[in-house]
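In order, the protein sequences belong to chains A, B, C and D.
The first sequence begins at 207 in our numbering and counts up by one.
The second sequence begins at 207 in our numbering and counts up by one.
The third sequence begins at 180 in our numbering and counts up by one.
The fourth sequence begins at 180 in our numbering and counts up by one.
Here a beta-carbon is modelled for each residue, glycine too, at the ideal position from N, C-alpha and C.
Scroll down for the structure; my scribbles are underneath it.
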Amino acid sequence: MISVQKQDFNQQVEYNRLKSKTSIGAIVTFTGLVRDINQDQRVSDLTLEHYPGMTEKCLIDIVRQAKARWNIIESTVIHRIGALTLSEQIVFVGIASQHRGDAFAACEFIMDYLKTQAPFWKKETMESGETKWVDAREADQQALSKWNLENKC
Amino acid sequence: MISVQKQDFNQQVEYNRLKSKTSIGAIVTFTGLVRDINQDQRVSDLTLEHYPGMTEKCLIDIVRQAKARWNIIESTVIHRIGALTLSEQIVFVGIASQHRGDAFAACEFIMDYLKTQAPFWKKETMESGETKWVDAREADQQALSKWNLENKC
Amino acid sequence: MIKVLFFAKLSEQLGTRELLIESNNIKDTEQLFQHLLKYQADWSGVLNSQIWLKAVNQSMTTKNVVLNDGDEVAYFPPVTGG
Amino acid sequence: MIKVLFFAKLSEQLGTRELLIESNNIKDTEQLFQHLLKYQADWSGVLNSQIWLKAVNQSMTTKNVVLNDGDEVAYFPPVTGG
Numbered sequence: 207m208i209s210v211q212k213q214d215f216n217q218q219v220e221y222n223r224l225k226s227k228t229s230i231g232a233i234v235t236f237t238g239l240v241r242d243i244n245q246d247q248r249v250s251d252l253t254l255e256h257y258p259g260m261t262e263k264c265l266i267d268i269v270r271q272a273k274a275r276w277n278i279i280e281s282t283v284i285h286r287i288g289a290l291t292l293s294e295q296i297v298f299v300g301i302a303s304q305h306r307g308d309a310f311a312a313c314e315f316i317m318d319y320l321k322t323q324a325p326f327w328k329k330e331t332m333e334s335g336e337t338k339w340v341d342a343r344e345a346d347q348q349a350l351s352k353w354n355l356e357n358k359c
Numbered sequence: 207m208i209s210v211q212k213q214d215f216n217q218q219v220e221y222n223r224l225k226s227k228t229s230i231g232a233i234v235t236f237t238g239l240v241r242d243i244n245q246d247q248r249v250s251d252l253t254l255e256h257y258p259g260m261t262e263k264c265l266i267d268i269v270r271q272a273k274a275r276w277n278i279i280e281s282t283v284i285h286r287i288g289a290l291t292l293s294e295q296i297v298f299v300g301i302a303s304q305h306r307g308d309a310f311a312a313c314e315f316i317m318d319y320l321k322t323q324a325p326f327w328k329k330e331t332m333e334s335g336e337t338k339w340v341d342a343r344e345a346d347q348q349a350l351s352k353w354n355l356e357n358k359c
Numbered sequence: 180m181i182k183v184l185f186f187a188k189l190s191e192q193l194g195t196r197e198l199l200i201e202s203n204n205i206k207d208t209e210q211l212f213q214h215l216l217k218y219q220a221d222w223s224g225v226l227n228s229q230i231w232l233k234a235v236n237q238s239m240t241t242k243n244v245v246l247n248d249g250d251e252v253a254y255f256p257p258v259t260g261g
Numbered sequence: 180m181i182k183v184l185f186f187a188k189l190s191e192q193l194g195t196r197e198l199l200i201e202s203n204n205i206k207d208t209e210q211l212f213q214h215l216l217k218y219q220a221d222w223s224g225v226l227n228s229q230i231w232l233k234a235v236n237q238s239m240t241t242k243n244v245v246l247n248d249g250d251e252v253a254y255f256p257p258v259t260g261g
């Protein structure tokens, strides 16, 4: 399941959806939250802009590539857009597999890929009231490089 | 939080417990389930035996080692004991961190460590009614070796 | 016509989210970019101020791509979702 | 006294979960193991049938460890939890 949505998601609902077959031995979930400090500044809110159409296409392609590399029984990627406040959920990636190695690798791969390739942009509002587009992190580029990707979105 | 328990656990409750501070930007959870097929045989139930006292000591030590390596804001390890049926939850590891890299690594490290070092043993009941102690997997030993551990439980 | 989209900081700085451009004299993305540099007085400053990513028909590419009528080209900053 | 514990398959095969052994003549885990091999008629077969793990006072070790009165030594198969 892939979704780009304004509304929040629920951990238990998504977990239950992943836990769908008796062949599943391992479920790994990742949830990204709005953090209070980013790049040394105190954040109060953020807004997520995206490229409608391309975002969904990109997420589908990322999941397809993950399925080509690892044994995945169920997968979910949810990314929220619009205005979010502190500690709100931004992104969910869940993978259900027979074995934990596949579930961990596929979940981290999808996040690393999404972080540098999926067309989302964060604009932060600081506690001071100032707004600022978030800068891309070199660490995210490095995280992606370990997967030796051939094609990107 | 560390717990060795007979009773089941709840994904949402554990997730909410991890999501405790505004400094948290990433939550990774792992859940292990009773799978229908293990080592090519159809499983219907399993029983988990453990070494009371040492199990808790070992889990505490594993979490301590993870905290020495990665930035961890909150952590949870729950391992069930006793009789479990198909698709039931066996183990939960949850890590909350500022950044996803720490959360993924610490969660996988704890599982790899636990799998080969924590004194739990599974006895499976097959669909045929036959019971069998599960053999340790060479793949689990290999998974552990990538972390370059000095001291084990 | 070529549909040109701008996102996030780039869209704010250009004051434009979407443009439709006659494709007759624009053969590829290199020519499109040259055209955009002169589109408004201050655009060359913004477009040359940093490296922007480019997607042609919703696929990112760093290459010069041949354009046909109806193609969609988007320019945007490095992505920061997740 | 030394407290000796067996778990899982090993416990089943020996028919014993726990033993208390006089520590007077047992200086270390090597001597304890020799003692256990002769403890009952069929124990040497079981104890030598595979490599069992050992924990002294709830810490796993592959070394020969000096034992004192009150110590706890456990033997068990490779672990299979998680």
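query                                                                                                                                                                   : result
Give the secondary structure of B:Asn222 by DSSP, where H, G and I count as helix, E and B as strand, and everything else as coil.                                      : helix
For a contact meaning CB atoms closer than 9 Å, what does C:Lys188 contact in chain A?                                                                                  : Trp327, Lys329 and Trp339
Cα-Cα, which of B:Gly259, B:Glu294 and B:Ala274 is closest to D:Glu251?                                                                                                 : B:Gly259
Confirm, please, whether the CB-CB distance from B:Gly238 to A:Arg306 is below 8 Å.                                                                                     : yes
According to the neighbour-count rule (16 or more other Cβ atoms, all chains shown, within 10 Å of its Cβ), is C:Gly194 buried or exposed?                              : exposed
Among A:Ala345, A:Ala232, A:Val234 and A:Leu355, whose alpha-carbon lies nearest the alpha-carbon of A:Gln245?                                                          : A:Ala345
B:Ser209 lies in the beta strand (DSSP E); which residues open and close that run?                                                                                      : Ile208 to Gln211
Around the Cβ of C:Leu120, are there at least 16 other Cβ atoms within 10 angstroms (buried) or fewer (exposed)?                                                        : The question about residue 120 of chain C has no answer here: the residues shown for chain C are numbered 180 through 261.
Am I right that D:Gly261 and B:Leu320 are in contact with their C-beta atoms under 8 Å? What's the rounded C-beta distance?                                             : 5 Å
Closer than 9 Å by beta-carbon distance: list the chain E residues that pair up with A:Val234, in chain order.                                                          : No chain E appears in this structure, whose protein chains are A, B, C and D.
Going along chain A in order, which residues have a C-beta closer than 7 Å to the C-beta of C:Gln237?                                                                   : Gly259, Met260 and Lys263
Return the chain-ordered list of same chain residues with a C-beta closer than 7 Å to the C-beta of A:Lys358, the five sequence neighbours on each side being excluded. : Gln323
Could you tell me if D:Gly249 is buried or exposed, where buried requires 16 or more neighbouring beta carbons within 10 angstroms of its beta carbon?                  : exposed
Could you tell me the distance, in whole angstroms, from the CA atom of D:Asn247 to the CA atom of D:Leu215?                                                            : 17 Å
For a contact defined as C-beta to C-beta under 8 Å, what are the partners of B:Gln323 on chain D?                                                                      : Met239 and Val258
By Cβ distance below 6 Å, which residues in the same chain neighbour A:Ser281 in space, the five residues on each side in sequence not counted?                         : Val269 and Ile301
Taking 8 Å as the threshold (beta carbon to beta carbon), is D:Gly261 in contact with chain B?                                                                          : yes
How long is the line joining the alpha carbons of B:Lys329 and D:Lys182, rounded to whole angstroms?                                                                    : 25 Å
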